[in-house]
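*Asks:* Numbering (the working numbering), first residue to last: 10 to 127.
1. Leaving out five residues on either side along the sequence, give the residues of the same chain with a beta carbon under 7 Å from the beta carbon of residue 93.
2. Since residue 54 is in the alpha helix (DSSP H), which residue starts that stretch and which ends it?
3. In angstroms with no decimal places, state the Cα-to-Cα distance between residue 119 and residue 35.
4. Whole angstroms are fine: how far does the CA of residue 31 sit from the CA of residue 117?
5. Taking the alpha-carbon positions, what's the residue 40 to residue 64 distance?
6. Could you give the residue range of the alpha helix (DSSP H) that holds residue 81?
7. What is the DSSP secondary structure of residue 122, counted as helix, strand or coil?
8. So, under 8 Å CB-CB, residue 96 and residue 82 are touching, yes? Tell me the CB distance rounded to an integer number of Å.
9. Start and end of the alpha helix (DSSP H) containing residue 92?
10. Measure the CB-CB distance between residue 27 and residue 80 and report whether it falls below 9 Å.
11. Given a threshold of 16 other Cβ atoms within 10 Å of its Cβ, counted over all protein chains shown, does residue 37 qualify as buried or as exposed?
Laid out in structure tokens, this is it:
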């Protein structure tokens, strides 16, 4: 087997890939585990990834590093601006964004957040 491309994937992206390829049927425990920790709607995870990446691009210009940070944000799906600020500050880039940028990130995450109980 040859690896053609490698990039970090978020929990909802992995979940969606397993379901779409049918591999999830072979690994029901894995799907159940992913469902427990998935906070972003899997059908909208790629849209969330694009929007968050676009917002972070000026601050984290290297795509590989930006992808890792985007995946962290999608997986954690911080619920408050303070949680976002803390995650960014404790990232390898030690990002300190303006309150407006933090609010934009918060709005994007909330837009794609999976409804409670699903």
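Every residue gets a Cβ at the ideal spot worked out from N, C-alpha and C, and that includes glycine. The structure displayed is predicted, hence computed values, not measured ones.
*Replies:* In terms of the structure at hand:
1. What you label residue 93 is simply residue 84 of the chain shown in a count that begins at 1. Contacts found: 87, 111, 114 and 115.
2. Here residue 54 corresponds to residue number 45 of the chain shown, with the count starting at 1. First-last of the alpha helix (DSSP H) with residue 54: 54–65.
3. Indexing the chain shown from 1 puts residue 119 at position 110. Indexing the chain shown from 1 puts residue 35 at position 26. If I take the Cα positions, the gap works out to 32 Å.
4. Working through the chain shown from its first residue, we reach residue 117 at position 108. Working through the chain shown from its first residue, we reach residue 31 at position 22. Taking the straight line joining both Cα atoms gives about 29 Å.
5. Locating residue 40 in the chain shown gives position 31, where the first residue counts as 1. Locating residue 64 in the chain shown gives position 55, where the first residue counts as 1. Straight-line Cα distance between these residues: approximately 30 Å.
6. In the chain shown, the residue the question calls residue 81 occupies position 72. Looking at the DSSP string, the run of the alpha helix (DSSP H) that includes residue 81 is 72–85.
7. As a position in the chain shown, residue 122 is number 113, starting the count at 1. Three-state DSSP puts residue 122 in a strand.
8. Counting from 1 along the chain shown, the entry for residue 96 is found at position 87. Counting from 1 along the chain shown, the entry for residue 82 is found at position 73. Right, the Cβ-Cβ distance comes to about 7 Å (below 8 Å), so this counts as a contact.
9. By one-based count along the chain shown, residue 92 stands at place 83. Here the alpha helix (DSSP H) through residue 92 covers 90–98.
10. Residue numbering aside, residue 27 sits at position 18 when the chain shown is read from its first letter. Residue numbering aside, residue 80 sits at position 71 when the chain shown is read from its first letter. Result no, Cβ atoms of residue 27 and residue 80 do not sit closer than 9 Å.
11. Along the chain shown, one-based indexing puts residue 37 at 28. So residue 37 counts as exposed.
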